[in-house]
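I have placed the structure first, in the form of C-alpha coordinates, so that the comments after it can refer back to it.
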Amino acid sequence: MGRLLFFAIIAVLVFWLITRFIRKEESQDKESRSIEGEDMVCCAYCTLHLPRSESIVIQDKYFCSKEHHRLYSQ
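Counting in our numbering, the sequence shown runs from 7 upward without gaps.
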(Lines of atoms letter the chains of each structure in order from A; the text may use other names.)
(Lines give C-alpha, C1' and ligand atoms only; values in the text may rest on other atoms or scores of the structure.)
Protein backbone atom coordinates (compact mmCIF):
# COMPACT_ATOMS: atom_id res chain seq x y z
CA MET A 7 0.00 0.00 0.00
CA GLY A 8 2.87 2.35 0.83
CA ARG A 9 4.55 1.78 -2.54
CA LEU A 10 1.33 2.55 -4.41
CA LEU A 11 0.93 5.82 -2.53
CA PHE A 12 4.58 6.73 -3.16
CA PHE A 13 4.28 6.12 -6.93
CA ALA A 14 0.99 8.02 -7.07
CA ILE A 15 2.62 11.05 -5.44
CA ILE A 16 5.59 10.83 -7.82
CA ALA A 17 3.23 10.62 -10.82
CA VAL A 18 1.29 13.68 -9.66
CA LEU A 19 4.52 15.65 -9.16
CA VAL A 20 5.83 14.71 -12.61
CA PHE A 21 2.50 15.65 -14.20
CA TRP A 22 2.49 18.99 -12.35
CA LEU A 23 6.07 19.79 -13.43
CA ILE A 24 5.37 18.95 -17.07
CA THR A 25 2.21 21.08 -17.25
CA ARG A 26 4.00 23.96 -15.52
CA PHE A 27 6.85 23.77 -18.04
CA ILE A 28 4.42 23.71 -20.99
CA ARG A 29 2.50 26.74 -19.70
CA LYS A 30 5.75 28.66 -19.22
CA GLU A 31 6.77 28.02 -22.85
CA GLU A 32 3.33 29.05 -24.14
CA SER A 33 3.45 32.35 -22.27
CA GLN A 34 6.93 33.08 -23.67
CA ASP A 35 5.70 32.31 -27.21
CA LYS A 36 2.79 34.74 -26.80
CA GLU A 37 5.17 37.49 -25.69
CA SER A 38 7.51 36.95 -28.63
CA ARG A 39 4.62 36.88 -31.12
CA SER A 40 3.26 40.26 -30.13
CA ILE A 41 3.44 42.70 -33.01
CA GLU A 42 4.43 46.25 -32.37
CA GLY A 43 1.78 48.58 -33.72
CA GLU A 44 2.11 51.65 -35.85
CA ASP A 45 0.26 54.94 -35.64
CA MET A 46 -2.70 55.21 -37.98
CA VAL A 47 -3.56 58.48 -39.71
CA CYS A 48 -6.62 59.62 -41.62
CA CYS A 49 -6.57 60.91 -45.21
CA ALA A 50 -7.72 64.53 -45.21
CA TYR A 51 -9.71 63.96 -48.41
CA CYS A 52 -11.41 60.56 -48.15
CA THR A 53 -10.98 59.83 -44.40
CA LEU A 54 -9.33 56.48 -45.13
CA HIS A 55 -7.22 55.24 -42.20
CA LEU A 56 -3.75 54.06 -43.13
CA PRO A 57 -0.39 53.55 -41.41
CA ARG A 58 1.65 56.71 -41.02
CA SER A 59 4.55 55.14 -42.93
CA GLU A 60 2.36 54.66 -46.02
CA SER A 61 0.83 58.13 -46.00
CA ILE A 62 1.89 61.27 -47.84
CA VAL A 63 2.38 64.25 -45.52
CA ILE A 64 1.92 67.70 -47.04
CA GLN A 65 1.51 70.80 -44.87
CA ASP A 66 0.80 68.72 -41.74
CA LYS A 67 -2.06 66.89 -43.47
CA TYR A 68 -2.04 63.21 -44.35
CA PHE A 69 -3.15 61.84 -47.70
CA CYS A 70 -3.45 58.31 -49.04
CA SER A 71 -2.35 59.38 -52.54
CA LYS A 72 -1.04 62.34 -54.52
CA GLU A 73 -4.35 62.41 -56.38
CA HIS A 74 -6.24 63.04 -53.15
CA HIS A 75 -3.84 65.83 -52.25
CA ARG A 76 -4.49 67.40 -55.64
CA LEU A 77 -8.26 67.10 -55.22
CA TYR A 78 -8.09 68.45 -51.67
CA SER A 79 -6.11 71.51 -52.81
CA GLN A 80 -8.68 72.56 -55.43
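Beta carbons: idealized from backbone N, C-alpha and C, even for Gly.
In this text, all values refer to a predicted model and were calculated from it rather than measured experimentally.
Straight-line Cα distance separating residue j from residue i
i     : j     : result
Leu11 : Glu32 : 32 Å
Val18 : Val47 : 54 Å
Ile28 : Ser59 : 38 Å
Ser79 : Lys30 : 56 Å
Ile16 : Gly8  : 12 Å
Ala14 : Glu42 : 46 Å
Residue span of the beta strand (DSSP E) that contains residue i, given as start and end
i     : result
Leu56 : 55 to 57
Met46 : 46 to 48
Tyr68 : 67 to 69
Residue range of the unbroken alpha helix (DSSP H) whose run includes residue i
i     : result
Tyr78 : 72 to 79
Beta-carbon proximity list for residue i, same chain, < 6 Å, skipping 5 on both sides
i     : result
Glu44 : Pro57
Cβ separation of residue i and residue j, assumed to be a contact under 8 Å, to the nearest whole Å
i     : j     : result
Cys52 : His74 : 6 Å
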